[in-house]
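Chemist: Residue numbers (the UniProt record's numbering), protein chains in the order written: chain C, 1 to 211; chain P, 1 to 156.
Backbone N, C-alpha and C fix where the C-beta goes; we use that ideal spot for every residue, glycine too.
This one's a predicted model, so the numbers in the text were calculated from it and none came from an experiment.
One structure follows; several queries about it will come next.
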Amino acid sequence: MASTEEIQENNPRGIPKAPFISDVEGYIGGPDGEVESALKKAQDALAKYRYMDANLTQRRRGLEEKIPDIRKTLNMVEYLNERRVSKHKTDGLEEDLEELGLEDDEASEKPLVTTFELNETLFAEAELEDTDVVYLWLGANVMLSYKIPEAIELLATKLKNAEASLQGLQDDLEFLREQITVMEVNTARLYNWDVVRRRERRSKEAAASTE
Amino acid sequence: MATNTQQQISVTDLDVPQLADVRRQLDEELTHLTNSFTQLKQAQAKFRSCIDNVAEVKPSNKNTTILVPLTNSLYVPGKLRDLENVIVDVGTGYYVKKTRAQATKHYQSKVDYLQSNLETLQETILKKQENLTFVVNVLQSKIQAQSPAGTRNTKD
């Protein structure tokens, strides 16, 4: 049947497309067809779509929280890298300057002082060491140390993947919304067609009994 | 008989559906109070751990390397710099630099304040539980009094 071929159409990420039933009578198979099973199928499909919708919305919320975090971390690592790079450049310059008898005030003695969070309402001051290794918390009780360039690469990849997934999720959610609407319309049409048919049957029986 | 001093009518005067309503209401209040109790306990535990954290910022840790969090997932090795002062969030957007002793006192007073609140809340919960038990008893006795009378009626 042509209608079964339509039903197999999927969108790029495997969400089945909801077929719009334009001819209810043809879909059910004639004026005496059974509408109960069609209604049940529509309800099942609706339930599945709604479940997927809830799932994807939850995933999207999670991603929306993680993405700014990854961005912040990436910015921090890039900033640390810049300081190191400029500091090593000035170290090189300093030797030349010293030879010339000049001195740079801000020489190599500018460790970064930061206030960090010890606990929710408690902060303390610390001095960051000059190191080329940063530690990244990857979740699930796993923390790895990375050299700064590798860290930048890893974070950039994570950010790109997260943003791509977010975009994919948005598209999926929009597609799902459409399919849910189509299925709801189908359900309404099936039901109305059934009501009309019952009314016709009743009036036919009433006409037949009065003869 | 003990009556709820807030009500003007004695609980024993109420009939079964009304008693069921009162019982439901008491149940809800009890759940709400128990939740608040749990939240206060959690807040108190947090403040206690802050006290421990302040104790860690001690001069004997002066040159130990620590991992300093820069964001939620980024840590950089560093050393503690200021070992006499910490910064405490005192609420409404104010952060105050205190000495370790002052900070410890501040958190300790928060813990004590929460403790007194917890004790008051505990008493209220106990009283509500007593009321609930009483209402349930009255309800059950009413139902029992009703059902023999009810079966007697249907037999006739």
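How would you write the range of the beta strand (DSSP E) that Ser145/C sits in, first residue to last?
Modeler: Segment 142-147, the beta strand (DSSP E) holding Ser145/C.
Chemist: Between residue 221/C and chain P, is any beta-carbon pair separated by less than 9 Å?
Modeler: Because chain C here runs from 1 to 211, residue 221/C falls outside it and cannot be looked at.
Chemist: Output the distance between the C-alpha atoms of Gln18/P and Arg199/C, rounded to the nearest integer angstrom.
Modeler: Cα-Cα distance, rounded: 46 Å.
Chemist: According to DSSP, is Asp89/P helix, strand or coil?
Modeler: Asp89/P falls in the strand class under three-state DSSP.
Chemist: Just the C-alpha distance for Lys72/C and Glu78/C, rounded to the nearest angstrom, thanks.
Modeler: Rounded to the nearest angstrom, the two C-alpha atoms are 10 Å apart.
Chemist: Which bits of chain C does Pro69/P rub up against, with CB to CB less than 8 Å?
Modeler: The answer, in chain order, is Phe116, Glu117.
Chemist: Measuring straight from C-alpha to C-alpha, what distance separates Thr131/C and Ile148/C?
Modeler: Taking the straight line from one Cα to the other gives about 9 Å.
Chemist: Looking at chain C, which residues of the stretch 52-77 of chain P have a Cβ within less than 8 Å of any of its Cβ atoms?
Modeler: Correct list: Asn53, Val54, Glu56, Val57, Thr65, Ile66, Leu67, Val68, Pro69, Leu70, Thr71, Asn72, Ser73, Leu74, Tyr75, Val76, Pro77.
Chemist: Compare the Cα-Cα distances from Thr92/P to each of Glu178/C, Asp194/C, Thr121/C and report the closest residue.
Modeler: Cα-wise, what sits closest to Thr92/P is Thr121/C.
Chemist: Got a sec, what are the start and stop residues for the alpha helix (DSSP H) Glu117/C sits in?
Modeler: Per DSSP, Glu117/C belongs to no alpha helix (DSSP H); it is in the beta strand (DSSP E), 112-119.
Chemist: Near Gln122/P, what residues of its chain come up, given a Cβ to Cβ distance below 6 Å and the 5 sequence neighbours on each side ignored?
Modeler: Here the set comprises nothing.
Chemist: To the nearest angstrom, how far is it from the Cα of Pro31/C to the Cα of Gln179/C?
Modeler: When rounded, the distance between both Cα atoms is 27 Å.
Chemist: For Ile87/P, is the classification buried or exposed, using 16 other Cβ atoms within 10 angstroms of its Cβ as the cut-off for buried?
Modeler: Classification of Ile87/P: buried, given that the 10 Å Cβ count is 16 or more.
Chemist: Please classify Met143/C: is it buried, with 16 or more other beta-carbons within 10 angstroms of its beta-carbon, or exposed?
Modeler: The residue is exposed, with fewer than 16 neighbouring Cβ atoms inside 10 Å.
Chemist: Identify the contact partners of Tyr135/C in chain P, using a Cβ-Cβ distance below 8 Å as the criterion.
Modeler: The answer, in chain order, is Leu67, Leu74, Tyr75, Val76, Pro77.
Chemist: Anything in chain P within Cβ reach of Leu154/C, meaning under 7 Å, just list it in chain order.
Modeler: By Cβ distance, chain P contributes nothing, its closest Cβ being about 11 Å from Leu154/C, past 7 Å.
Chemist: Would you kindly work out how many angstroms separate the C-alpha atoms of Met52/C and Pro16/C, rounded to a whole number?
Modeler: If I take the Cα positions, the gap works out to 11 Å.
Chemist: Tell me the DSSP secondary structure of Glu125/C in three-state form.
Modeler: Three-state DSSP puts Glu125/C in a strand.
Chemist: Could you tell me the distance, in whole angstroms, from the CA atom of Gly29/C to the CA atom of Met183/C?
Modeler: So the two alpha carbons sit approximately 19 Å from each other.
Chemist: By Cβ distance below 6 Å, which residues in the same chain neighbour Ala38/C in space, the five residues on each side in sequence not counted?
Modeler: So the list reads Ile28, Leu190, once near-sequence residues are dropped.
Chemist: Give the residues from the stretch 46-78 of chain C that approach chain P closer than 7 Å (Cβ to any Cβ), ordered along the chain.
Modeler: Taking 7 Å as the Cβ-Cβ cut-off against chain P, the residues of the stretch 46-78 of chain C that qualify are Asp69, Lys72, Thr73, Met76, Val77.
Chemist: Against chain C, with Cβ distances strictly below 9 Å, would Asn117/P count as a contact?
Modeler: By this cut-off, Asn117/P is not an interface position.
Chemist: Closer than 8 Å is the cut-off here; do at least three beta carbon pairs connect the stretch 47-55 of chain P with the stretch 101-117 of chain P?
Modeler: Judged by Cβ distances under 8 Å, the stretch 47-55 of chain P makes contact with the stretch 101-117 of chain P, as three or more pairs qualify.
Chemist: So, helix, strand or coil for Leu74/C, using DSSP?
Modeler: Of the three classes helix, strand and coil, the one that applies to Leu74/C here is helix, per DSSP.
Chemist: Three or more C-beta pairs under 8 Å: does that hold for the stretch 30-39 of chain P against the stretch 55-71 of chain P?
Modeler: The stretch 30-39 of chain P, when compared against the stretch 55-71 of chain P, does not touch it at the 8 Å Cβ threshold.
Chemist: So with CB distances below 8 Å, who are the chain P contacts of Phe123/C?
Modeler: Residues of chain P passing the Cβ test: Val86, Ile87, Val88, Asp89, Tyr95.
Chemist: With a cut-off of 8 Å on the beta carbons, I'd call Leu80/P and Ala126/C a contact; round off their distance for me.
Modeler: Their Cβ separation, rounded to whole angstroms, is 5 Å, which keeps Leu80/P and Ala126/C in contact under 8 Å.
Chemist: I need the straight-line Cα distance from Gln25/P to Asn119/C, nearest angstrom please.
Modeler: C-alpha separation (whole angstroms): 39 Å.
Chemist: If we cut at 9 Å on Cβ distances, does Thr131/C have a partner in chain P?
Modeler: Yes, its Cβ sits closer than 9 Å to a Cβ of chain P.
Chemist: At the 9 Å Cβ level, is Glu150/C part of the contact set with chain P, yes or no?
Modeler: So no, Glu150/C is outside the interface.
Chemist: So with Cβ pairs under 9 Å, would you call Asp21/P a contact of chain C?
Modeler: No, Asp21/P lies away from the interface with chain C (no Cβ there is under 9 Å from its Cβ).
Chemist: Are Asn117/P and Arg100/P touching if we call contact CB-CB under 9 Å?
Modeler: No, Cβ-Cβ distance for Asn117/P and Arg100/P is not below 9 Å.
Chemist: On a CA-only basis, which of Ala42/C, Ala206/C, Leu176/C, Thr115/C is nearest Val96/P? Give me that one, please.
Modeler: The option with the nearest alpha carbon to Val96/P is Thr115/C.
Chemist: Quick one: list the residues of chain P neighbouring residue 215/C, beta-carbon separation under 7 Å, in chain order.
Modeler: In the structure as shown, chain C starts at 1 and stops at 211, and residue 215/C therefore has no counterpart that could be examined.
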